[in-house]
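K.L.:
Number of protein chains: 2
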Amino acid sequence: MELKKIGELITSNRILLGPGPSNYDPRVMKAMTSPLISHLDPEIYPILDETVELLKYLFKTKNEVTLPMSGTGTAGGETAFTNVIEQGDKAIVCLNGFFSERNIEMIERCGGEVIRIDAEWGKPIDIEEIERTLKANPDTKILSMTHGETSTGVLTPLEEVGKFCSQTSTLFVVDAVPTLGGMDVDVDGWNIDICYSGTQKCLSAPPAMAPITFSQKAIDVIKNRKTKIQTLYLDAIELMRHWGKERKYHHTLPIIMIYALREALRIIYEEGLEERFKRHEEVSQLLKTHLTDMGFKLFAQEGYRLPMLTAVELPEGLSEREIITKLLKEYNIEIGGGFGKLAGKLLRVGLMGYSCSKQNVYYLISALKEIMS
Amino acid sequence: MELKKIGELITSNRILLGPGPSNYDPRVMKAMTSPLISHLDPEIYPILDETVELLKYLFKTKNEVTLPMSGTGTAGGETAFTNVIEQGDKAIVCLNGFFSERNIEMIERCGGEVIRIDAEWGKPIDIEEIERTLKANPDTKILSMTHGETSTGVLTPLEEVGKFCSQTSTLFVVDAVPTLGGMDVDVDGWNIDICYSGTQKCLSAPPAMAPITFSQKAIDVIKNRKTKIQTLYLDAIELMRHWGKERKYHHTLPIIMIYALREALRIIYEEGLEERFKRHEEVSQLLKTHLTDMGFKLFAQEGYRLPMLTAVELPEGLSEREIITKLLKEYNIEIGGGFGKLAGKLLRVGLMGYSCSKQNVYYLISALKEIMS
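Residue numbers (the working numbering), protein chains in the order written: chain A, 1 to 373; chain B, 374 to 746.
1. Is it the case that the segment 337-350 of chain A contacts the segment 315-324 of chain A, given that we only count it when at least three CB pairs across the two stretches are under 8 Å?
2. Excluding the 5 residues flanking B:M402 on each side, which residues of the same chain have their C-beta closer than 7 Å to its C-beta?
3. What does a CB cutoff of less than 6 Å around B:F537 pick up in its chain, not counting 5 residues either side in sequence?
4. Quick check on the burial criterion: 16 or more other C-beta atoms within 10 angstroms. Buried or exposed for B:P584?
5. Can you tell which of A:Y57, A:G111, A:A75 and A:K228 has its C-alpha closest to the C-alpha of A:F99?
6. Kindly list the residues whose CB is nearer than 7 Å to the CB of B:F622, restricted to its own chain and excluding five residues on each side of it in sequence; keep chain order.
7. Give me, in chain order, the residues of the same chain whose beta-carbon lies closer than 6 Å to that of A:T227; leave out the 5 immediate sequence neighbours on both sides.
8. I'd like to know whether the C-beta atoms of B:T424 and B:L553 end up nearer to each other than 9 Å.
9. Since A:G112 meets chain B, which of its residues come closer than 7 Å, beta carbon to beta carbon?
10. Who pairs with B:D491 in a beta bridge, going by DSSP?
11. How big is the Cα-Cα spacing for A:T231 and A:E53?
12. Nearest CA to the CA of A:L155: which residue from A:P138, A:L143 and A:P124?
13. Which residues mark the beginning and the end of the alpha helix (DSSP H) in which A:R14 is found?
14. In whole angstroms, what is the alpha-carbon distance linking A:A393 and A:S22?
15. According to DSSP, A:P68 sits in a beta bridge with which residue or residues?
16. Can you find the residues in the same chain that come closer than 8 Å, C-beta to C-beta, to A:F214, ignoring five residues on each side of it along the sequence?
17. Kindly list the residues whose CB is nearer than 6 Å to the CB of B:M630, restricted to its own chain and excluding five residues on each side of it in sequence; keep chain order.
18. To the nearest angstrom, how far is the alpha carbon of B:K590 from that of B:L544?
19. Rounded to the nearest angstrom, how far is the Cβ of A:M145 from that of A:P307, given a contact under 8 Å?
20. Should A:N224 be flagged as near chain B, meaning a C-beta pair shorter than 9 Å?
21. Out of curiosity, what's the CA-to-CA distance linking B:D491 and B:N469?
22. Would you please verify whether the beta carbon of A:S319 is less than 9 Å from any beta carbon of chain B?
23. Does any C-beta atom of chain A lie closer than 9 Å to the C-beta of B:H663?
24. Please return the same chain residues whose Cβ sits closer than 8 Å to the Cβ of B:L390, not counting the five positions on each side in sequence.
25. Does the distance between the C-beta of A:D293 and the nearest non-hydrogen atom of the ligand MG fall short of 8 Å?
26. Kindly identify the DSSP beta-bridge partner or partners of A:M382.
27. At which residues does the beta strand (DSSP E) containing A:C195 begin and terminate?
28. For B:A549 and B:G444, I'd like the C-alpha separation in whole angstroms.
29. According to the neighbour-count rule (16 or more other Cβ atoms, all chains shown, within 10 Å of its Cβ), is A:M377 buried or exposed?
30. Does the CB of A:E330 have a neighbour CB from chain B at under 9 Å?
31. Going by C-alpha to C-alpha distance, which of B:L687, B:Y677, B:K742 and B:L382 sits closest to B:P530?
32. Please name the residue, chosen from B:P392, B:K661 and B:L428, that lies closest to A:H251 on a Cα-to-Cα basis.
33. Checking 9 Å against the spacing of the C-beta atoms, do B:L607 and B:E451 come in under that value?
34. Looking only at its chain, what residues have a beta carbon closer than 7 Å to the beta carbon of B:S739, apart from the 5 residues adjacent to it on each side?
35. Could you give the C-beta distance for A:G153 and A:T310, rounded to a whole number, given that I count them as a contact under 8 Å?
36. Show which residues of chain B have a CB atom less than 9 Å away from the CB atom of A:S169.
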């Protein structure tokens with residue numbers, strides 16, 4: 001490559017209706033242009049505090065250890081697991097898609113021993129099987145569930161499992177990467193011990209950070225570890241010494257991304273959680289109605305469908321790659337295809353945060369009709 | 374905190390002359406406002422490739438595995454260590470400041486056994502002691518050195534140690550967090566096996582990413598590991614499957630920060646490495662001359678002083694906190710104080726990337742004179 005030929009950055013102005021990232025409000029971009037200050041500047045501390053308070057509002061939690069980790073969603077999952085799992089710890093993992101499968105990989109890298117609870121991709125997890133497995137393994141350190149499976153569009157209810165875990169010593173660990181900010185994620189009400197997400201889906205900030213929250217029960221487990229957490233970068237307690245009252249340097253924070261997140265959270269607060277969830281529900285319903293009217297079959301089981309991510313099966317004779325490419329090239333719309341073992345078989349449409357609008361649904365449906373006509 | 378009182382983000386327009394972050398060129402901000410596209414959009418791949426090519430130019434390397442990790446400088450260090458260190462591996466760590474001390478923490482969390490080579494803070498490491506220690510421990514997996522110690526302003530030459538390591542099976546791991554982009558870091562020429570940095574110092578992009586490069590010798594070590602790397606997020610080989618030709622999803626990349634980094638690297642290429650290094654050297658010399666004229670004593674030993682970070686001892690009767698606070702509040706200038714065991718005893722002035730200008734030196738010196746008069 002000739003370096004001198006690397007020109008000014010030019011990117012298309014996509015309508016982001018894939019599985020994430022979503023578009024963000026111009027206010028978020030404006031916040032990013034605020035002058036950079038240091039992670040140790042006295043001015044940064046109120047900004048950190050405000051970001052944490054807004055995150056607590058969004059997570060519906062009073063948890064003291066609530067912060068955005070300096071990495072994307074995957075770093076959030078790894079932070080959850082690596083802070084609590086030690087060599088030989090038992091972990092029950094509920095599996096019904098690509099992202100829950102990946103949790104196994106992360107837990108095993110921490111030395112955890114995984115007990116699988118499988119559901120068919122497209123179906124929610126059987127709650128009774130969870131309770132049975134947990135009863136049979138009372139020494140289980142964590143139970144990991146994926147609230148919304150981005151790979152299939154399936155929503156798994158959490159409340160009952162949380163209630164069950166709360167009566168045991170097991171920590172309830174929840175992946176809320178696609179759901180947080182788009183539907184109810186009631187951390188305290190549902191007895192979730194560790195909940196993590198990403199900034200680039202229903203929060204509508206750029207990808208860069210992973211909001212996470214730890215209950216006191218989780219913190220107690222971390223404080224009673226026999227061995228040190230195997231990473232310094234993802235050590236939540238050490239990092240809280242910077243985000244919390246101590247103001248002790250841990251690592252250089254991604255300040256501009258914190259500016260963006262704070263503004264995205266302000267926008268969420270202004271809209272109000274219930275209004276925001278209702279918007280996601282209604283706009284998603286509009287999309288689902290139009291897609292089924294066009295003959296597409298919704299992939300996720302009825303009653304367990306995510307509002308922010310709709311997966312439909314491709315009828316015979318239609319090419320996933322062709323539809324996705326045409327939408328991108330001719331309409332500037334991004335949607336996703338099948339992921340993992342569903343590659344080539346699905347279309348996945350995200351309606352997340354700022355991207356979740358009737359305008360986008362109508363444009364997408366019109367574009368799809370033109371392409372398929 | 375009343376959430377409704379959290380207002381629009383307003384930050385001071387600081388002149389960043391601390392130990393990092395530095396200010397960035399307005400062109401970098403402009404790049405950040407380019408529309409967000411997805412980490413899987415076909416348009417992103419040339420952008421990733423260009424960023425990697427520009428990083429190779431900066432690192433002076435042909436290493437195939439060269440990329441910015443999705444975390445700040447500390448994540449870079451952790452990526453270096455966690456990818457190669459397994460339980461019980463020997464690591465020689467050269468120590469002469471806060472950041473090299475921290476490397477021990479990270480290596481031990483990976484299960485490594487550390488052999489320390491200490492130098493007094495403010496002094497470089499004794500090269501002969503390194504050679505002796507390495508000869509006495511031929512089974513050493515890595516030798517870790519900090520090119521520039523941000524906590525003391527000391528520069529440790531690397532070339533001779535690199536030559537020595539290249540004749541052994543030991544990997545030469547270098548922290549170039551403050552030095553990359555501000556002085557010569559010749560990865561291939563100096564036989565460095567793993568070299569990591571951060572975006573927010575002499576590269577003058579926002580803090581968010583950690584450029585890193587691995588030699589073939591390092592990759593061979595990683596590929597011959599007995600156990601899996603303990604983190605998925607920092608697994609360089611897995612991540613290269615996204616950054617490299619395979620285009621396989623690993624995690625959602627921090628796209629906007631990649632836009633910023635690419636533009637910062639373009640600016641470096643346009644200036645030219647030798648011109649850029651010369652500017653850092655000259656502007657730093659101007660600062661050092663003025664500070665010593667004012668009666669300050671340079672902390673780092675002569676002949677081993679970093680251009681981009683100058684530490685001076687505080688004369689009796691002057692308060693570190695007072696000077697730093699006045700500079701910040703009355704002049705909008707950030708500089709750093711002593712770090713770790715040097716807290717309260719030093720002023721640390723960074724002249725990094727875009728912040729490294731004669732204009733900034735003259736303003737700082739004038740401000741210091743006013744404060745001390």
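Glycine is no exception: its CB is placed at the ideal position from the N, C-alpha and C atoms.
P.N.:
From the atom records:
1. Judged by Cβ distances under 8 Å, the segment 315-324 of chain A makes contact with the segment 337-350 of chain A, as three or more pairs qualify.
2. Taking the second sequence and counting its residues from 1, one reaches residue 402 of chain B at position 29. Closer than 7 Å at Cβ, skipping near neighbours: no residue.
3. To locate residue 537 of chain B, count along the second sequence from 1; it is residue 164. Sequence-distant Cβ neighbours of B:F537 in its own chain, meaning closer than 6 Å and more than five residues away, are E504.
4. Stepping through the second sequence from its first residue, residue 584 of chain B is reached at position 211. So B:P584 ends up on the buried side.
5. Stepping through the first sequence from its first residue, residue 99 of chain A is reached at position 99. Of all alpha-carbon atoms in A:Y57, A:G111, A:A75 and A:K228, the one lying nearest the alpha-carbon of A:F99 is that of A:A75.
6. Here the question's residue 622 of chain B lines up with position 249 in the second sequence. Strictly speaking, residue 622 of chain B in this sequence is Tyr, with Phe absent from that position. Excluding positions up to five away in sequence, the list reads L413 and H615.
7. Here residue 227 of chain A is taken as the residue at index 227 of the first sequence, counted from 1. The residues are E86.
8. Working through the second sequence from its first residue, we reach residue 424 of chain B at position 51. Working through the second sequence from its first residue, we reach residue 553 of chain B at position 180. Taking 9 Å as the Cβ cut-off, B:T424 and B:L553 do not qualify as a contacting pair.
9. In the first sequence, counting from the first residue as 1, residue 112 of chain A sits at position 112. Contact of A:G112 with chain B by beta-carbon distance below 7 Å is absent, the smallest such distance being about 11 Å.
10. On the second sequence, residue 491 of chain B is found 118 positions in, with the first residue counted as 1. BP columns for B:D491 point to B:L468.
11. By 1-based counting over the first sequence, the position of residue 231 of chain A is 231. By 1-based counting over the first sequence, the position of residue 53 of chain A is 53. If you take the alpha carbons of A:T231 and A:E53, they lie about 26 Å apart.
12. Reading the first sequence from its first residue, position 155 is the one you call residue 155 of chain A. It is A:P124 whose Cα lies nearest to the Cα of A:L155.
13. Taking the first sequence and counting its residues from 1, the one referred to as residue 14 of chain A is at position 14. That residue, A:R14, is in no alpha helix (DSSP H); it is neither H nor E in DSSP.
14. Nothing can be reported for residue 393 of chain A, as the shown portion of chain A is limited to 1 through 373.
15. The residue you call residue 68 of chain A lines up with position 68 of the first sequence. Per DSSP, the beta-bridge partners of A:P68 are A:P211.
16. Start at 1 with the first residue of the first sequence, and residue 214 of chain A comes out as number 214. Excluding five sequence positions before and after A:F214, the CB atoms of its chain that fall closer than 8 Å to its own CB belong to N63, V65, T66, N83, D193, I194, I222 and A236, given in chain order.
17. Within the second sequence, residue 630 of chain B is the residue found at index 257, counting from 1. Closer than 6 Å at the Cβ level, and outside the excluded window around B:M630, lie A581 and M582.
18. Stepping through the second sequence from its first residue, residue 590 of chain B is reached at position 217. Stepping through the second sequence from its first residue, residue 544 of chain B is reached at position 171. One C-alpha to the other measures close to 8 Å.
19. Taking the first residue of the first sequence as position 1, residue 145 of chain A is located at position 145. Taking the first residue of the first sequence as position 1, residue 307 of chain A is located at position 307. Contact doesn't hold; Cβ gap of about 18 Å is too wide.
20. Reading the first sequence from its first residue, position 224 is the one you call residue 224 of chain A. Against chain B, the CB of A:N224 has no partner CB under 9 Å away; the residue lies outside that interface.
21. Translated into positions along the second sequence, residue 491 of chain B becomes position 118. Translated into positions along the second sequence, residue 469 of chain B becomes position 96. Taking the straight line from one Cα to the other gives about 6 Å.
22. As a working note, residue 319 of chain A is residue 319 in the first sequence. Judged by the 9 Å Cβ criterion, A:S319 is not in contact with chain B.
23. By one-based count along the second sequence, residue 663 of chain B stands at place 290. Output row for B:H663: interface = no.
24. What you label residue 390 of chain B is simply residue 17 of the second sequence in a count that begins at 1. The beta carbon of B:L390 sits closer than 8 Å to those of I706, E707, I708, V722, G723, L724, S728, N733 and L737, all from its chain and outside the five residues before and after it, given in chain order.
25. Absent from the structure shown: the ligand MG. Ligands present: none.
26. Outside the shown range of chain A, which is 1 to 373, sits residue 382 of chain A, and nothing can be said about it.
27. Your numbering for residue 195 of chain A matches position 195 in the first sequence. Counting along the chain, the beta strand (DSSP E) containing A:C195 begins and ends at I194 to Y196.
28. Here the question's residue 549 of chain B lines up with position 176 in the second sequence. Here the question's residue 444 of chain B lines up with position 71 in the second sequence. Their Cα atoms are separated by approximately 15 Å.
29. The question about residue 377 of chain A has no answer here: the residues shown for chain A are numbered 1 through 373.
30. Position 330 of the first sequence holds residue 330 of chain A. So, not an interface residue.
31. Looking up residue 530 of chain B in the second sequence gives position 157. Taking only the C-alpha atoms, the option nearest B:P530 is B:Y677.
32. Within the first sequence, numbered from 1, the residue matching residue 251 of chain A stands at position 251. The shortest C-alpha separation from A:H251 is found at B:P392.
33. As a working note, residue 607 of chain B is residue 234 in the second sequence. As a working note, residue 451 of chain B is residue 78 in the second sequence. The Cβ atoms of B:L607 and B:E451 lie closer than 9 Å to each other.
34. As a position in the second sequence, residue 739 of chain B is number 366, starting the count at 1. Close CB contacts of B:S739 within its chain, under the 7 Å cut and outside five residues either way in sequence, are absent.
35. Residue numbering aside, residue 153 of chain A sits at position 153 when the first sequence is read from its first letter. Residue numbering aside, residue 310 of chain A sits at position 310 when the first sequence is read from its first letter. Confirmed, Cβ separation roughly 6 Å.
36. If you number the first sequence from 1, residue 169 of chain A lands on position 169. Chain B residues near A:S169: none, gap ~25 Å exceeds 9 Å.
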